[in-house]
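Report on one structure; see the data block that follows.
Number of protein chains: 2
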Amino acid sequence: MPTPDHILQIGLSFWASKTLLSAVEMEVFTELAKRPEDLKTLGGRLGLHPRSAHDFFDALVALGFLEREDGVYTNAPAADLYLDKRKPSYIGGVLEMANRRLYPHWDKLTTALRTGQPQGEAGPDGNNTFAALYADPDRLKGFLRAMSGVSRGANLAIASKFPWSKYRTVTDAGPAQGDLLVQVALHNQHLMGIGFDLPEVGPIFEEYVSDHGLSERLVFQGGSFFTDPLPQADVIMMGHILHDWNLDEKRALIRKAWEALPEGGAFLAYDAVIDDDRSKNSFGLLMSLNMLIETKGGFDYTGADCIGWMKDAGFREARVEHLVGPDSMVVGIK
Amino acid sequence: MPTPDHILQIGLSFWASKTLLSAVEMEVFTELAKRPEDLKTLGGRLGLHPRSAHDFFDALVALGFLEREDGVYTNAPAADLYLDKRKPSYIGGVLEMANRRLYPHWDKLTTALRTGQPQGEAGPDGNNTFAALYADPDRLKGFLRAMSGVSRGANLAIASKFPWSKYRTVTDAGPAQGDLLVQVALHNQHLMGIGFDLPEVGPIFEEYVSDHGLSERLVFQGGSFFTDPLPQADVIMMGHILHDWNLDEKRALIRKAWEALPEGGAFLAYDAVIDDDRSKNSFGLLMSLNMLIETKGGFDYTGADCIGWMKDAGFREARVEHLVGPDSMVVGIK
Chain G
6 MPTPDHILQI
16 GLSFWASKTL
26 LSAVEMEVFT
36 ELAKRPEDLK
46 TLGGRLGLHP
56 RSAHDFFDAL
66 VALGFLERED
76 GVYTNAPAAD
86 LYLDKRKPSY
96 IGGVLEMANR
106 RLYPHWDKLT
116 TALRTGQPQG
126 EAGPDGNNTF
136 AALYADPDRL
146 KGFLRAMSGV
156 SRGANLAIAS
166 KFPWSKYRTV
176 TDAGPAQGDL
186 LVQVALHNQH
196 LMGIGFDLPE
206 VGPIFEEYVS
216 DHGLSERLVF
226 QGGSFFTDPL
236 PQADVIMMGH
246 ILHDWNLDEK
256 RALIRKAWEA
266 LPEGGAFLAY
276 DAVIDDDRSK
286 NSFGLLMSLN
296 MLIETKGGFD
306 YTGADCIGWM
316 KDAGFREARV
326 EHLVGPDSMV
336 VGIK
Chain R
6 MPTPDHILQI
16 GLSFWASKTL
26 LSAVEMEVFT
36 ELAKRPEDLK
46 TLGGRLGLHP
56 RSAHDFFDAL
66 VALGFLERED
76 GVYTNAPAAD
86 LYLDKRKPSY
96 IGGVLEMANR
106 RLYPHWDKLT
116 TALRTGQPQG
126 EAGPDGNNTF
136 AALYADPDRL
146 KGFLRAMSGV
156 SRGANLAIAS
166 KFPWSKYRTV
176 TDAGPAQGDL
186 LVQVALHNQH
196 LMGIGFDLPE
206 VGPIFEEYVS
216 DHGLSERLVF
226 QGGSFFTDPL
236 PQADVIMMGH
246 ILHDWNLDEK
256 RALIRKAWEA
266 LPEGGAFLAY
276 DAVIDDDRSK
286 NSFGLLMSLN
296 MLIETKGGFD
306 YTGADCIGWM
316 KDAGFREARV
326 EHLVGPDSMV
336 VGIK
């Protein structure tokens, strides 16, 4: 006889989610990275009410984000590396965004499912999600940092897995802070790269690249990937870009990449690519629902979908390669 | 080197949660229990927008709640048994409540952590959470049905695990619909039982008991477990009751149980009892945060906590027994 465990576990898993999101919001891990602390000191420093602190920290222990020995809390290794705001490896930006925006937006999932319309700040038109972000430098920086967070694992995989020795130049279209280019350049000393995005991204990209000592090899070029040609290079990359757009826009972006490549050049698009049977990569399918909630026409896609679009755009071959977790890259060769 | 997978998976797990909650809200499983359906028919019948339907249903496949063969969707076995509204085994009430109330309330977790005050409809006082529920028969019925949903697995375990042959009568204090008494009575033909709760619960309890053909053996008695004595019986039960209340109230309820028992009688309290080290039962710790959000003073507790309170109340022995999933019962013998 089937048990109800899985149903209840998933149905109430927003409890664990929101607990982690509040911990990131309150900078629990940044605080504990400075020094281990006991319940009273940590709760006091973070401004927690005595009723709440004990259960909150112990829930973070049971979820694997904190450790506790003799009443003293420390960060678990992954939390210390990825959720301490003062470390360059911090990926909490995506969780800050999830906490502030996505969690309340997803409360309107049923409306999104019935109307097909986004439920974010930009309203049912949703055209202005990105425009609104780009208009506010603080929000833009937060968003771009969030994108580094959600992409770090894939970026590291691409930096080491892709046959970079065959190529000399690379353009990243929609690079956010530039983390993909940074990881690729750190692992491949011979490469020169261009980050291409709307001009507002320039200072944020340049600061991040400079922090990693790569300003000599990675430069920014301002422009729109819908109205301008992409900077020519041996490899064109788009990470978590294609899924933001509707089918016509996806096809236009793929064609733009083809046009900017030499014969033999490679287009590398990555996303939480859905398995061709659409029955396994739950994260990719849920990400597509997130695009429903956040954008006017965006959706995630299978490897077979993307290979088809690449072939239609003129690429002579295309293949899917798994990266890490839910992310795969689709590589097209011109 | 640690990976960020677990952090991102938990941090965004509200996506999967809300997807299941919306599916229950839209009665996807009740619809599919009638007949398997293809994408277009199912999406049309449920009023889904074409942009949304495919990803939504396939996400439910990838999460294990639906199955799909040749484009035709059916319920997975557990979803068919527990999420079809027309079956008595339906447990979706707790997910309906989570969807309508808890998900938005948890958006204010950070405020709850900082203030120690509940964040539900009843406002920061929170005293009136139950009063408001009991005042509205429809909301009350929904809440009591939700409680059956979250308790079913534990109720079945108690019905078969506890040494019922030693006892003849049983009182359930705060029985909701009466599912625990119903399961116990179905498995133990010799038992007579009383459901004890505020009078508003009476008709709902009696309907549920009658639906199971047990009206001869299970009766309702109206009263308040804070101001009235509990109906005397060989066994007193409280399921998901103690965690609703503050420490003084918990102690008062345990003492009430002791007073209503004969020498040798058993008090059986169950909840998502936290492990004594407070480092493993994440669900119990998160349930305690849910009590922070929903009640003025409620909290979940460890087995050692509860055994201590029972001993203080006069029980001569007390022990913890695991039931199912996160739930355990604490049994005190007078």
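Listed in order, the protein sequences are those of chains G and R.
Sequence positions in the first sequence follow the numbering used here and run 6 to 339.
Sequence positions in the second sequence follow the numbering used here and run 6 to 339.
Just so you know, even glycine gets a beta-carbon here, dropped at the ideal spot from N, CA and C.
Going along chain G in order, which residues have a C-beta closer than 7 angstroms to the C-beta of R/Ala67?
Ser284, Lys285, Asn286, Ser287 and Leu290
Using the three-state DSSP reduction, which class does G/Met31 fall into: helix, strand or coil?
coil
Look up G/Tyr78 in the DSSP assignment and say whether it is helix, strand or coil.
Of the three classes helix, strand and coil, the one that applies to G/Tyr78 here is strand, per DSSP.
Could you check where the alpha helix (DSSP H) with R/Leu191 kicks off and where it finishes?
Asp184 to His192
Exposed or buried, G/Pro142, counting other C-beta atoms within 10 Å across all chains shown (16 or more means buried)?
exposed
Show which residues of chain R have a CB atom less than 8 angstroms away from the CB atom of G/Lys92.
The premise fails here: G/Lys92 is roughly 12 angstroms from chain R at the closest Cβ pair, so nothing lies under 8 angstroms.
For R/Ser22, return the contacting residues in chain G, with the cut-off set at a CB-CB distance below 8 angstroms.
Ile15, Gly16, Leu17, Ser18, Phe19 and Ser22
Chain R partners of G/Met31, CB-CB under 9 angstroms?
Going along chain R in sequence order, the residues near G/Met31 (Cβ under 9 angstroms) are Thr115, Leu118 and Arg119.
Relative to the C-alpha of G/Ser284, which residue among R/Ile12, R/Leu25, R/Phe70 and R/Leu273 is closest?
R/Phe70
By how many angstroms is the C-alpha of G/Tyr139 removed from the C-alpha of R/Asp184?
The alpha-carbon atoms of R/Asp184 and G/Tyr139 are separated by roughly 54 angstroms.
Is the CB of G/Gly76 under 8 angstroms away from at least one CB in chain R?
no
Between the alpha carbons of G/Asp332 and G/Leu47, how many angstroms are there, rounded?
36 angstroms
Within a Cβ cutoff of 8 angstroms, which residues of the same chain sit near G/Pro93, ignoring the five residues on either side of it in sequence?
Asp216 and His217
Could you pull out every residue in the same chain whose Cβ sits closer than 7 angstroms to the Cβ of G/Glu5, ignoring the five residues on either side in sequence?
Since the first and last residues shown for chain G are 6 and 339, residue 5 of chain G lies out of range.
Sort out for me which residues DSSP pairs G/Ser333 with in a bridge.
In the DSSP output, where bridge partners are listed per residue, G/Ser333 has G/Asp276 and G/His327.
For G/Gly200 and G/Leu223, which I take to be in contact (beta-carbon distance under 8 angstroms), what is that distance rounded to the nearest angstrom?
7 angstroms
Mind checking who R/Gln226 pairs with in its DSSP beta bridge?
R/Phe201
For a quick check, are the C-beta atoms of R/Ala274 and G/Pro7 less than 8 angstroms apart?
Taking 8 angstroms as the Cβ cut-off, R/Ala274 and G/Pro7 do not qualify as a contacting pair.
Could you compute how far the alpha carbon of R/Val336 sits from the alpha carbon of G/Leu26?
36 angstroms
By the 10 Å Cβ neighbour count, where 16 or more other Cβ atoms means buried, how is G/Arg73 classified, buried or exposed?
buried
Taking the alpha-carbon positions, what's the G/Asp9 to R/Trp263 distance?
Just to set this straight, residue 9 of chain G is Pro in the shown sequence, not Asp. Cα-Cα distance, rounded: 33 angstroms.
Assuming R/Asp216 is part of the alpha helix (DSSP H), what are its boundary residues?
Gly207 to Asp216
For G/Val66, which residues does DSSP report across the bridge?
None; G/Val66 has no bridge partner.
Under 7 angstroms between beta-carbons, which chain R residues line up against G/Trp111? List them in chain order, please.
Phe19, Trp20 and Lys23
For a test of the three-state rule: what should DSSP assign to R/Thr8, helix, strand or coil?
Secondary structure of R/Thr8 (DSSP, three-state): coil.
Buried or exposed: where does R/Gly269 fall if 16 or more other Cβ atoms within 10 Å of its Cβ makes it buried?
exposed
Output the distance between the C-alpha atoms of R/Met292 and G/Asn104, rounded to the nearest integer angstrom.
20 angstroms
For G/Met243, which beta-bridge partners are listed by DSSP?
G/Ala274
For G/Phe34, which residues of its own chain have a beta-carbon under 6 angstroms away from its beta-carbon, when the five flanking residues on both sides are left out?
The residues Asn80, Ala84, Leu88 and Asp89, in chain order, have a CB closer than 6 angstroms to that of G/Phe34 in the same chain once the five nearest residues on each side in sequence are set aside.
Step through the CB atoms of chain G and report whether any lies within less than 8 angstroms of the CB of R/His192.
No - not a single Cβ of chain G is within 8 angstroms of the one on R/His192.
For G/Val187, return the contacting residues in chain R, with the cut-off set at a CB-CB distance below 8 angstroms.
Going along chain R, no residue has its Cβ under 8 angstroms from G/Val187, so there is no contact; the nearest lies around 16 angstroms.
Identify the contact partners of G/Gly52 in chain R, using a Cβ-Cβ distance below 8 angstroms as the criterion.
Using a Cβ-Cβ cut-off of 8 angstroms, G/Gly52 is close to Arg119 of chain R, given in chain order.
Listing by chain order, which chain R residues have their CB less than 7 angstroms from the CB of G/Asp184?
Annotation: G/Asp184 has no Cβ neighbours in chain R at a cutoff of 7 angstroms; minimum Cβ distance is about 13 angstroms.
Under 8 angstroms: do the region 230-248 of chain R and the region 204-213 of chain R share three or more Cβ pairs, one atom per stretch?
no
Grouping DSSP H, G and I as helix and E and B as strand, with all else coil, what is G/Ala178?
In the structure shown, the three-state DSSP call for G/Ala178 is strand.
Between the alpha carbons of G/Ala67 and G/Trp111, how many angstroms are there, rounded?
Taking C-alpha positions only, G/Ala67 is separated from G/Trp111 by approximately 26 angstroms.
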